[in-house]
Structures are given as structure tokens and as C-alpha cells.
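Remarks on the structure that follows.
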Amino acid sequence: MALTPLDIHNKEFSRSFRGYDEDQVNEFLDQVIKDYESLIRENKELQNQLAAIQERLDHFANIEETLSKTIIIAQEAADEVKNNAKKEAQLIIKEAEKNADRIINESLTKARKVSVEIEELKKQASIYRTRFRTLIEAQLELLSKEDWSSLDRVEIEQP
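All the letters of the sequence shown, read from the start, carry residue numbers 3 to 161 under our numbering.
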């Protein structure tokens, strides 16, 4: 068990014939008591300070651990967001490529239809021109004949 200032104060020494001077011993013991009390107080203060510092250290260690976990979670979330964005971008690109292929195919189909229609119209125009030319030539031939008098008679003969 540790020695206390009260133990020092209450300590009684046996007296002997040639012993120490009692007043000097008492003074010395009083000085030891004061120093010992001072050391005990200082030790308690240091222990309290140590406990407070340890408490703060534990608090900061908890904060550090929380921050580390938060950083890890934030990094994982950022990675997940990045991966999701990449996947979404790939889906958008694939969808755009499908739409582009569809548009190109539709355009090619329409272009083929238009080309066929143009060819058909060219054929019809050629046929129309040929018929029109034939009709005009027939009309010109009819006009160039001098049988107009026979036509006049035919009209008169009809009642």
C-alpha cells in the first residue's frame, strides 16, 4: 500500500538516548509531507490531463476512423456512379447506333423506291411523248392532205 502524507505525519519514532534532534526530525518530516502532498497533487493533475488527452485522442481516432470509412464509401459511390455512367453511355451509344442503322436502312429503302418511281415516270413520259408525237404526226398528216372538200361533203350529207 502506498504511503500517504497522513502516514508520514502520524509516524512515531522510538526514542533513544543518543537519537536525533526531535525538532529537526519534525521539521524534516513536515517538509517531506509538503513535498509529498505536492507530488501527489501534481501526479493527480497529470493523470487527469493524461485522461483528458487520452479521451481527446480516442475522440480523434474515432473521427479519423469515421473519415476513413466515409472516404472509402465516397470512393466506392464515385466508382459506382462512374461505372453506371459508363454503362449508360454505352447503352446510349448502342441505341444511337441502332437508330442510325434504322434511319440509314429506311433512307436506302426510300431512295430505292424513289429511284424505281423515277424510272417508271421516265418510262411513262417516254411513252406519253411517243404517243403524243404519233398523234401530232397523224394530225399533221391529216392537215397536209387536200381532201378537205370530201370532208365538207360528208358533213352536208348528214341530216
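Heads up, the beta-carbon is just placed ideally off N, CA and C, and yes, glycines get one too.
**Where the alpha helix (DSSP H) containing tyrosine 221 begins and where it ends** = Residue numbering for the chain in the displayed model covers 3 to 161; residue 221 lies beyond these limits and cannot be assessed.
**Prompt:** Where do the N-terminal and C-terminal ends of the alpha helix (DSSP H) with leucine 8 fall, by residue?
**Reply:** 7-12
**Request:** Using the Cα positions of valine 116 and glutamate 143, report the straight-line distance between them to the nearest angstrom.
**Result:** 39 Å
**Asked** Nearest to tyrosine 38 by alpha carbon, out of Leu5, Leu123 and Gln92?
**Response** Leu5
**Request:** Using a threshold of 8 Å, state whether the C-beta atoms of isoleucine 35 and histidine 11 are closer than that.
**Result:** yes
**Request:** Tell me whether the beta-carbon of phenylalanine 15 lies closer than 8 Å to the beta-carbon of valine 27.
**Result:** yes
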